[in-house]
Amino acid sequence: MNKITRQISIIRNLISLIGDNPDREGLRETPRRVLRSYSELFSGYMYSDIQIRRVLQKTFTETHDYDEIIVCKNIPFMSFCEHHILPFQGVCHIGYLPNKVVVGLSKLPRLVDIYSKRLQIQERMTMEIASMIFSTLKSRGVGVIIEAEHLCVACRGVKKVGSRMVTSAMLGLFREQAETRQEFLELTR
Ligand SMILES: [Zn+2]
1 MNKITRQISI IRNLISLIGD NPDREGLRET PRRVLRSYSE LFSGYMYSDI
51 QIRRVLQKTF TETHDYDEII VCKNIPFMSF CEHHILPFQG VCHIGYLPNK
101 VVVGLSKLPR LVDIYSKRLQ IQERMTMEIA SMIFSTLKSR GVGVIIEAEH
151 LCVACRGVKK VGSRMVTSAM LGLFREQAET RQEFLELTR
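UniProt numbering puts the first residue of the sequence shown at 1, with every later residue one more than the last.
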């Protein structure tokens, strides 16, 4: 069996497991469509840590000594919880205190994209984004806040539609200095 046939048969089995017939007309092309959408939804696995660092290393040094907090807020994302393989979606706010270099504006959303297109838990994703920025940019501080709604909470189990989970990771001066953290929180409000 070649790779694609094997993958199709896995999705066909999943359809049977759900309780439907993978051979009925409406479902016949579904396995191929699912595979195509999975390769997009989970494209974050194509990036190694080294490649992610490379994305962030496109920096600018001509910052005119700008040394205040830089915030990129309301970055939308969709990810999948690793416990139920159901989507969770929301926004990510990122702030950092530059250390002589600033990163290109599109790079932070790229970073969120890469980490969200994997099976995730929100807590880990928050931390991964923060530590990658902190260690690659050698910034003086980093703060990441993620607010998201989890479909596994909204449509199954306790069925709480509209409840949002908020997680945050504060590193460097964002952790050590209350004023810096406060300023970041105000900027993301
Ligand atoms: Zn879940």
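Note that the Cβ used here is the ideal one computed from N, Cα and C, for glycine as well.
Treat the numbers as computed from the prediction; the structure is a model and nothing was measured.
Simplified DSSP state of residue i, which is helix, strand or coil
{"i": "residue 277", "result": "Outside the shown range of the chain, which is 1 to 189, sits residue 277, and nothing can be said about it."}
{"i": "Ile85", "result": "coil"}
{"i": "Met125", "result": "helix"}
{"i": "Phe80", "result": "strand"}
{"i": "Met1", "result": "coil"}
{"i": "Thr30", "result": "helix"}
{"i": "Asn21", "result": "coil"}
{"i": "Cys72", "result": "strand"}
{"i": "Thr59", "result": "strand"}
{"i": "Tyr96", "result": "strand"}
{"i": "residue 261", "result": "Missing from the structure shown is residue 261; the chain here goes from 1 to 189 and no further."}
{"i": "Gly90", "result": "strand"}
Contact set for residue i: own chain, Cβ-Cβ below 7 Å, skip 5 residues either direction
{"i": "Arg25", "result": "Inspection of the sequence shows that residue 25 is occupied by Glu rather than by Arg. Answer for Glu25: no residue qualifies."}
{"i": "Ile114", "result": "Gly44, Tyr47, Ile52"}
{"i": "Glu128", "result": "Tyr115"}
Neighbourhood of residue i by C-beta, 8 Å cutoff - its chain only, sequence neighbours within 5 removed
{"i": "Ile75", "result": "Val91, Cys92, His93, Ile94, Leu108, Pro109, Val112"}
{"i": "Lys56", "result": "It should be pointed out that residue 56 corresponds to Leu in this sequence rather than to Lys. Excluding positions up to five away in sequence, the list reads Val103, Lys107, Leu111, Met132, Ile133, Thr136, Leu137."}
{"i": "Leu28", "result": "One point to set straight first is that residue 28 is Arg, not Leu, in the sequence displayed. Pro22."}
{"i": "Thr59", "result": "Val101, Val102, Val103, Gly104, Leu137"}
Nonlocal neighbours in the same chain, by C-beta distance under 6 Å from residue i, ignoring five residues either side
{"i": "Ala154", "result": "Val161"}
{"i": "Ile11", "result": "Pro31, Val34"}
Item to check | Segment contact, 8 Å Cβ cut-off, at least three pairs: the stretch 167 to 174 with the stretch 126 to 142 | outcome: Yes: at least three Cβ pairs fall under 8 Å.
Checklist entry - For ligand 1, which residues count as neighbours when the test is a C-beta closer than 6 Å to any heavy atom? => result That query returns the following residues: Cys81, His83, His84, Leu86, His150, Cys152.
Checklist entry - Along the chain, which unbroken stretches of the alpha helix (DSSP H) at least 4 residues long are found entirely within the stretch 104 to 154? => result Listed in chain order, the alpha helix (DSSP H) runs fully inside the stretch 104 to 154 are 107 to 116, 122 to 137, 151 to 154, counting runs of at least 4 residues.
Item to check | At least three beta-carbon pairs within less than 8 Å, the stretch 144 to 151 to the stretch 71 to 90 | outcome: Result yes; three or more Cβ-Cβ pairs closer than 8 Å.
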